[in-house]
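For the sequence shown, my numbering begins at 608 and goes up steadily by one.
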Amino acid sequence: MKKEGFLRKEQMSSEQRELAMLLKNKRIEQGRKLEDIASGICSTSYLSRIENNQVKLQDPYLRMLFEKLDINYDDLKKERQTNIFIELVKYQLLEQYDKYASKIESIIKSKCYLGIERDLILLYDNVLKGYDEETKFIIDKLESSIDMLSNQEIAFYMYLITVYYYQIQQTNLAYQQIKILIKTENDNEILKWLIQDLYLTILFDVGEYELYCKMYSDFIKGAPSMYFGKHFIKHKMKMLTILAKYEYQISVKKMEDLHQNLDDKNSELLTEYAYYFAIIKKNGKQAEEIIEKLCNGFLSTKIIKLLSIMLNEIEDKTQQELILKTINKFAFSKYDSIVKNLCHYSVMKQKQMNNIWLLNYLKMNVYNLLKYSFDKVIFDFVIKEIIILGTKCSKYKETCRLAINYLEGLNLQLLNN
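Listed below in structure tokens is the structure:
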């Protein structure tokens, strides 16, 4: 009982702090003076103490003070019973999009939220929808008033910033940001697992596979499946991609079994599956088996990236032509520079451009972009290509050949002799 009483007290204390902060920020937001709001209700000094959470709040006072700000106190308490940010996140995770849209509309119209809270909600909505210009505008707006956010709101804001960096292919910035965010204490379970989900995604993309495997176990065991079921499937695909380096046939079989349970109408999961299965097949020297299916299926920038790399690794002319047609008709976004340049390199190599031009182009227009948009799959390909080209146009040909042998498993060959 003592523990329950303590928890209730803590909850009441938290609610009091929130209401006090809301009262103060609403007053400031409306450009109203302490004297104006306090008049006829309490002294100016007492209102100041209320706003700074120095006295116990009492409903009669709060009701009158909020009414001075043209806010219905009953509506306010009802509206703010739940964390609106997490409520919206849950709607998205559960794919309850009508409820999500309705709640967004309700919040925007309501007087019970601060402008900065509405901005944070709009930031979440714009990031989800990929609205680039709107997102940048709100980020700039929020940066000037971030000190008005609570600790949990700041964590949510930083999470959204990291998602945005990841979306616009600023992977290195997202990686640095998420490493800080994952260490930040967070008392909301949903936000905690959202952050870990993003951390796992970025770890895989940059090739931190050992750490990914450690974090994967925690995520699968701890995150609530009700909300993160789809995320579990995506991460299982990634784990099987890692496992395939050591147990190829088992991973292929498990991926095929997983595919049978996917919803034929879920284009998001089907596209993810196609990408990771293609990596497994490519690494297993069986890319030719899935190229036609890749080209005729759901396309994404990641799949185009793989097709561009495969173009350099296959010899079948018909499949090469199919990949070229697929690349040519794909619409890149303005943030897809590294993949677009990679595709251009592969196309020019097919046209038998001279090796010096290819080497310089690859260094300047793909390798250099890895400083901002690091991708382990691209990195591995580019390094190997640079060395191969080096054997054809460099005075260090023997050194380059040795490096190629190493990349192709010379160390394992030597160990097994």
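Glycine included, each C-beta is placed from N, C-alpha and C at the ideal position.
Query: Let me confirm a value: residue 915 is counted as buried when at least 16 other C-beta atoms fall within 10 Å, else exposed. Which label applies?; Result: buried
Query: How is the alpha helix (DSSP H) around residue 733 delimited, first residue to last?; Result: 722-736
Query: Distance check for residue 805 and residue 734, CA to CA, integer angstroms please.; Result: 14 Å
Query: What's the C-alpha gap between residue 931 and residue 924?; Result: 10 Å
Query: The alpha helix (DSSP H) with residue 916 in it runs from where to where?; Result: 908-917
Query: How many Å lie between residue 857 and residue 848 at the Cα?; Result: 11 Å
Query: Measure the Cβ-Cβ separation of residue 672 and residue 645 and say whether it is below 9 Å.; Result: yes
Query: With residue 829 as the anchor, note down where its alpha helix (DSSP H) starts and where it stops.; Result: 816-829
Query: If residue 979 and residue 779 are in contact, beta carbons under 8 Å, what's the gap, nearest whole angstrom?; Result: 6 Å
Query: Out of 822, 815 and 814, which has the shortest C-alpha to C-alpha gap to residue 799?; Result: 822
Query: Going straight from the alpha carbon of residue 773 to that of residue 641, what length do you get?; Result: 43 Å
Query: What number of angstroms, rounded off, separates the C-alpha of residue 812 from the C-alpha of residue 985?; Result: 10 Å
Query: Do you know offhand how far residue 802's Cα is from residue 785's?; Result: 8 Å
Query: Is the stretch 709-717 touching the stretch 677-697, taking contact as three or more C-beta pairs under 8 Å?; Result: yes
Query: For the alpha helix (DSSP H) containing residue 767, list its first residue and its last residue.; Result: 758-774
Query: For the pair the stretch 748-759 and the stretch 948-955, tell me if three or more CB-CB distances fall below 8 Å.; Result: no
Query: Just to confirm my understanding: we take residue 999, look at its own chain, exclude 5 residues before and 5 after, and list those with CB closer than 7 Å. What are they?; Result: 962
Query: With DSSP collapsed to three states, give me the class of residue 752.; Result: coil
Query: Write down the C-beta distance between residue 623 and residue 660 rounded to the nearest angstrom, noting that I regard them as a contact closer than 8 Å.; Result: 6 Å
Query: Let me know the secondary structure DSSP gives residue 973 once reduced to three states.; Result: coil
Query: Leaving out five residues on either side along the sequence, give the residues of the same chain with a beta carbon under 8 Å from the beta carbon of residue 794.; Result: 759
Query: Can you list, in chain order, the residues of its chain whose CB lies under 7 Å from that of residue 877, leaving out five sequence neighbours each side?; Result: 869 and 905
Query: Using CA coordinates, which residue listed in 1002, 819 and 755 is at the minimum distance from residue 633?; Result: 755
Query: For residue 881 and residue 921, which I take to be in contact (beta-carbon distance under 8 Å), what is that distance rounded to the nearest angstrom?; Result: No, residue 881 and residue 921 are not in contact; Cβ-Cβ is about 17 Å, not under 8 Å.
Query: On the criterion of 16 or more Cβ atoms from any shown chain inside 10 Å, does residue 982 qualify as buried, or is it exposed?; Result: buried
Query: Given a threshold of 16 other Cβ atoms within 10 Å of its Cβ, counted over all protein chains shown, does residue 691 qualify as buried or as exposed?; Result: buried
Query: Use the C-beta contact count for residue 791: other C-beta atoms within 10 angstroms, 16 or more gives buried, fewer gives exposed.; Result: exposed
Query: For my contact list, residue 855 and residue 891 are in at a C-beta cut-off of 8 Å; report their separation, rounded to the angstrom.; Result: 5 Å
Query: When you compare only the Cα positions, how much space is there between residue 608 and residue 727?; Result: Bear in mind that a pLDDT of 38 at residue 608, under 50, signals an unreliable position, so the number given afterwards is only what the model happens to contain. Distance between the alpha carbons of residue 608 and residue 727: 38 Å.
Query: Helix or strand or just coil, what does DSSP make of residue 719?; Result: coil
Query: Is it buried or exposed, residue 753, if we count other Cβ atoms within 10 angstroms and call 16 or more buried?; Result: exposed
Query: Considering only residues of the stretch 644-730, which uninterrupted alpha helix (DSSP H) runs meet the minimum length of 4 residues and lie entirely inside it, listed in chain order?; Result: 651-658, 666-675, 680-686, 691-700 and 704-716
Query: What are the start and end residues of the alpha helix (DSSP H) that includes residue 936?; Result: 924-936
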